[in-house]
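Note that the UniProt record's numbering numbers the sequence shown so that position 88 is 88, with each residue one more than the last.
All residues carry an ideal CB built from backbone N, CA and C; glycine is no exception.
The block underneath contains the structure these notes are about, expressed in structure tokens.
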Amino acid sequence: MVEIERKFLVKTTDFKEQAFAKNSIAQGYLSSQPERTVRIRIKGTKGYITIKGIGSDSGMSRFEWENEIPLEEAQELLKLCEKGKIEKTRFEIKSGNHVFEVDEFYGENEGLIIAEIELKSETDTFDKPDWLGEEVTNDPRYYNAYLSKNPFSEWKKQ
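Okay, here's the thing in structure tokens:
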């Protein structure tokens with residue numbers, strides 16, 4: 001129940017040609033507090049509830065519990081979420097022994113593209129595709145819960 005992941009900005013859209021899966025995602029937060037984030041997500045035609053704990057000092061590891069819930073329940077729970085919804089398309093790209101999940105954001109987060117890779121340990125190595133940019137793993141501005149309250153469009157020029 002510990003998620004270990006690293007996050008990167010994406011330099012080009014070349015990843016789209018390499019994607020083996022693509023899904024629309026809508027999500028909101030019942031709680032966006034860093035020590036206990038509770039997320040409701042609709043991915044394609046499935047609903048999920050996810051609880052995440054506060055991250056480690058490196059920003060790579062944190063508690064995560066996720067369960068699939070009926071789509072109708074997810075739709076109703078999204079109505080109860082805090083202000084600020086996230087809309088994005090997720091592309092899945094195989095790279096060596098790993099899979100990158102690349103999120104292209106819309107709405108107030110338009111223009112932001114983030115790649116995430118889940119690892120088995122914080123020291124796990126992986127192949128870095130050419131389209132991968134700057135690492136932002138420990139930058140809280142790139143957490144979805146932060147983006148739901150502080151959209152990319154409001155701070156990207158800073």
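**Request:** Please list, in chain order, all residues of the same chain as residue 84 whose beta carbon is under 6 Å from its beta carbon, the five residues on each side excluded.
**Result:** Hits under 6 Å: 148, 149.
**Item:** Integer Cβ distance of residue 129 from residue 15, believed to fall under 8 Å
**Value:** Indeed they touch by this definition, with Cβ atoms about 7 Å apart.
**Request:** Report, in whole angstroms, the separation of the C-beta atoms of residue 86 and residue 27, which I expect to be a contact under 8 Å.
**Result:** 5 Å
**Message:** Could you check whether residue 100 and residue 2 sit closer than 8 Å to each other, using their CB atoms as the reference points?
**Reply:** no
**Prompt:** Grouping DSSP H, G and I as helix and E and B as strand, with all else coil, what is residue 15?
**Reply:** helix
**Asked** Can you list the alpha helix (DSSP H) stretches of 4 or more residues lying completely in the UniProt domain "CYTH" (1–149), in chain order?
**Response** 15–18, 71–78, 144–149
**Item:** Spatial distance of residue 97 from residue 135 (CA atoms)
**Value:** C-alpha separation (whole angstroms): 20 Å.
**Request:** Measure the Cβ-Cβ separation of residue 104 and residue 5 and say whether it is below 8 Å.
**Result:** no
**Asked** Residues in its own chain within less than 7 Å of residue 70 by CB, not counting five upstream and five downstream?
**Response** 47
**Prompt:** What separation, rounded to the nearest whole angstrom, lies between the Cα atoms of residue 49 and residue 106?
**Reply:** 21 Å
**Asked** Is it buried or exposed for residue 67, if we count other Cβ within 10 angstroms and need 16 for buried?
**Response** exposed
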